[in-house]
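Chemist: Under mature numbering (1 follows the signal peptide of the UniProt record, and there is no 0), residues -24 to -1, 1 to 472 are what the sequence shown spells out, in order. Even glycine gets a Cβ: it sits at the ideal position worked out from N, Cα and C. Computed from a prediction, not measured in an experiment: that's the story for all the values here. Encoded as structure tokens, here's the structure I'll be asking about.
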Amino acid sequence: MRTTMDRIAPIFLFLLLIIDTSTAIDTINTTQSIRDGETILSANGAYELGFFSPGNSANRYLGIWYTKISVMTVVWVANRETPLNDSSGVLRLTEQGILVLSNRNGSKVWSSDSSRPATNPAAQLLDSGNLAVKEEGDDNLESSLWQSFEHPADTLLPEMKLGRNRITGMDSYITSWKSPDDPSRGNVSEILVPYGYPEIIVVENSIVKHRSGPWNGLRFSGMPQSKPNPKYSIEFVFNEKEIFYRYHVLSQSMPWRVTVTQGGDVQRFTWIEQTRSWLLYLTLNTDNCERYALCGANGICSINSSPMCGCLNGFVPKVQSEWELTDWSSGCVRRTPLNCSGDGFQKVSAVKLPQTKTSWFNRSMNLEECKNTCLNNCSCTAYSNLDIRDGGSGCLLWFDDLLDVRILVENEPDIYIRMAASELDNGYGAKIETKANEKKRIILSVVLSTGILFLGLALVFYVWKRHQMKNSMLHSHHEILTSSMPLPLCFHIVLI
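Written out as structure tokens, the structure reads:
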């Protein structure tokens, strides 16, 4: 019996070890650590957390990368500003729920933070690639203590939010690596601007390089390539608690990522297993008209025109000599100043809507209410529907110069630009909708209606009067005839 137990015990212990390892492969708690050379895997085996050296660098970083992809592709870096110079790094989780990365001397190289005190914290690498610190057994991400998805590097993964938490004030955005050998923050960032009506911008050295256009209910209006498709869907949320954009992959079999590059571009990739390479699915910088405000204020860019830049109808170059040298940065000014009460609107279709940083919006208005709101505010320069779905709804108003407008074929929604009445020309497709003209039309209609009524009454009275006079004359003539002539003659005349 003792011999049998001696044989079973090692096997039993080995099975316990396997079970313990398999159940904790994606998680560490306060009694565990990850050393250089060790990793943890997400439960689906898609992502791995551990230490790596980028490119030709000898520095060591804690990061997350794809497990099953042959090309080493890092999607998140913890200590991107504070590299380790050797392989002595250790990651631990404190009882307060804070991740701490230490070097050989035990000095802190990097640490996370925590939204509140922890009771029994654990750090888990989720199937989405998100490293989340939460109470052990709590799968609700909304109650997590910390998560890497809220502190992105240069990559936006599916389900990751790009935007602002309006309660905490924390912004989540992606920033390029400095170089392929250095994952520290580069000069290019993709940010969701939380002012006015939100839109995405790409910034390089604090200068805006690209703008997505406002959300139109289906996509960002300046990104027709991001319209609904069978590969992924885009979600935009704007409420009292948060403003964010994220995308959802419709097929989990193909890895997707969005990366901001050192060259100032934002690119969407998908992995093709047959070629074992990343396929560039789309890029934001498709042509020169994507360069932010290339044609200046109140200018419009057309990639099929030469030169590319022109002025919106009713506007002229501010500095003609500069435009002749193809320097359009000074933009355009109105040919005829606005007069407020005598202004109208010109409908412009198939364009990327202007910058919305200082715009105003209302979700419940219809287009007519939107027009009247703009018309009654002398500072309003243009208006548009907010949402193109179901025939259009909502209201978006602009109050400054119109920046970064370009032609986009079949783009929605239309924009109505405020113009002086003299500039409105139906021959150019302008729709005359002025407050003054409306009053004139009402007055003219009343005058014409009243005039027609009086003319009609006068005509009726005239016809009636003539009829009365004719009857009177006939009656008098009959009396004369019957009194001065013999009956046979009168009878003869009547017969004739």
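So what does DSSP say about N205, is it helix, strand or coil?
Modeler: coil
Chemist: Could you tell me whether the region 313 to 325 touches the region 351 to 360, where touching means 3 or more Cβ pairs closer than 8 Å?
Modeler: yes
Chemist: Mapping DSSP to helix, strand and coil, what is I40?
Modeler: strand
Chemist: Kindly confirm or deny that the region 124 to 131 and the region 38 to 54 touch, where touching means at least three C-beta pairs closer than 8 Å.
Modeler: yes
Chemist: Along the chain, where does the beta strand (DSSP E) containing N5 start, and where does it finish?
Modeler: Run containing N5: T3 to N5, per the beta strand (DSSP E) assignment.
Chemist: Classify S229 as buried or exposed, calling it buried when 16 or more other Cβ atoms lie within 10 Å of its own Cβ.
Modeler: exposed
Chemist: Check each candidate in I391, K185 and T302 and name the one with the smallest Cα separation from N163.
Modeler: K185
Chemist: Below 9 Å between beta carbons: does that hold for Y23 and D103?
Modeler: yes
Chemist: What number of angstroms, rounded off, separates the C-alpha of E344 from the C-alpha of L373?
Modeler: 13 Å
Chemist: So what's P59 in DSSP terms, helix, strand or just coil?
Modeler: Look at P59 here: in three-state DSSP terms it is coil, with no helix or strand label.
Chemist: Would DSSP call Q296 helix, strand or coil?
Modeler: helix
Chemist: Take the Cβ of M146 as the centre, count every other Cβ of all protein chains shown within 10 Å, and call the residue buried at 16 or more, exposed below.
Modeler: By the neighbour-count rule (16 or more Cβ atoms within 10 Å), M146 is not buried but exposed.
Chemist: Provide the residue(s) that pair with E166 in DSSP beta bridges, ordered along the chain.
Modeler: I150 and V178
Chemist: With a 10 Å radius around its C-beta and 16 neighbouring C-beta atoms as the bar for buried, classify Q358 as buried or exposed.
Modeler: Contrary to the premise, residue 358 reads as Ala rather than Gln in this sequence. Buried, because 16 or more other Cβ atoms sit within 10 Å of the Cβ of A358.
Chemist: What did DSSP end up calling A358 once you bin it into helix, strand or coil?
Modeler: strand
Chemist: Could you check which residue in E386, S278 and C371 has the C-alpha nearest to that of S325?
Modeler: When only C-alpha atoms are compared, the closest one is E386.
Chemist: Who are the Cβ neighbours of Q201 in its own chain at under 8 Å, not counting the five residues just before and after it?
Modeler: L258 and T262
Chemist: Give me whichever residues DSSP pairs with P97 in a beta bridge.
Modeler: E111
Chemist: Of all the options C346, D303, D157 and I40, which has the alpha carbon lying nearest to the alpha carbon of S124?
Modeler: I40
Chemist: Secondary structure at F28, three-state DSSP: helix, strand or coil?
Modeler: strand
Chemist: For residue 494, report the span of its beta strand (DSSP E) as first-last.
Modeler: Residue 494 is absent from the structure shown; the chain starts at -24 and stops at 472.
Chemist: Less than 9 Å between the C-beta atoms of S18 and R36, yes or no?
Modeler: no
Chemist: How is the alpha helix (DSSP H) around L351 delimited, first residue to last?
Modeler: From DSSP, the alpha helix (DSSP H) with L351 extends over L343 to L351.
Chemist: Cβ of L107 within 9 Å of Cβ of A98?
Modeler: no
Chemist: What do you reckon, are the CB atoms on L132 and T235 nearer than 9 Å?
Modeler: yes
Chemist: Identify every residue that forms a DSSP beta bridge with Y392.
Modeler: BP columns for Y392 point to K323 and Y359.
Chemist: Grouping DSSP H, G and I as helix and E and B as strand, with all else coil, what is E218?
Modeler: strand
Chemist: Could you check which residue in N192, T151 and Y171 has the C-alpha nearest to that of S182?
Modeler: For the residues N192, T151 and Y171, the minimum Cα distance to S182 belongs to T151.
Chemist: For D366, is the classification buried or exposed, using 16 other Cβ atoms within 10 angstroms of its Cβ as the cut-off for buried?
Modeler: exposed
Chemist: Between I391 and L194, how many whole angstroms is the CB-CB distance? I'm expecting something under 8 Å.
Modeler: Rounded, the Cβ-Cβ distance is 17 Å, inconsistent with contact.
Chemist: Taking 8 Å as the threshold, find out whether the region 2 to 17 comes into contact with the region 62 to 78 through three or more Cβ pairs.
Modeler: yes
Chemist: Run the CB neighbour count on N192, radius 10 Å, all protein chains shown included, and call it buried at 16 or more, exposed below.
Modeler: buried
Chemist: Less than 9 Å separating the beta-carbons of Q322 and I393?
Modeler: yes
Chemist: Please name the residue in Q72, M48, N361 and G31 whose C-alpha comes closest to that of L25.
Modeler: M48
Chemist: Buried or exposed: which applies to Y173, given that a residue is buried once 16 or more other Cβ atoms fall within 10 Å of its Cβ?
Modeler: buried
Chemist: List the whole-angstrom C-beta distance separating F245 from L255, where the pair is believed to meet the contact cut-off of C-beta under 8 Å.
Modeler: 6 Å
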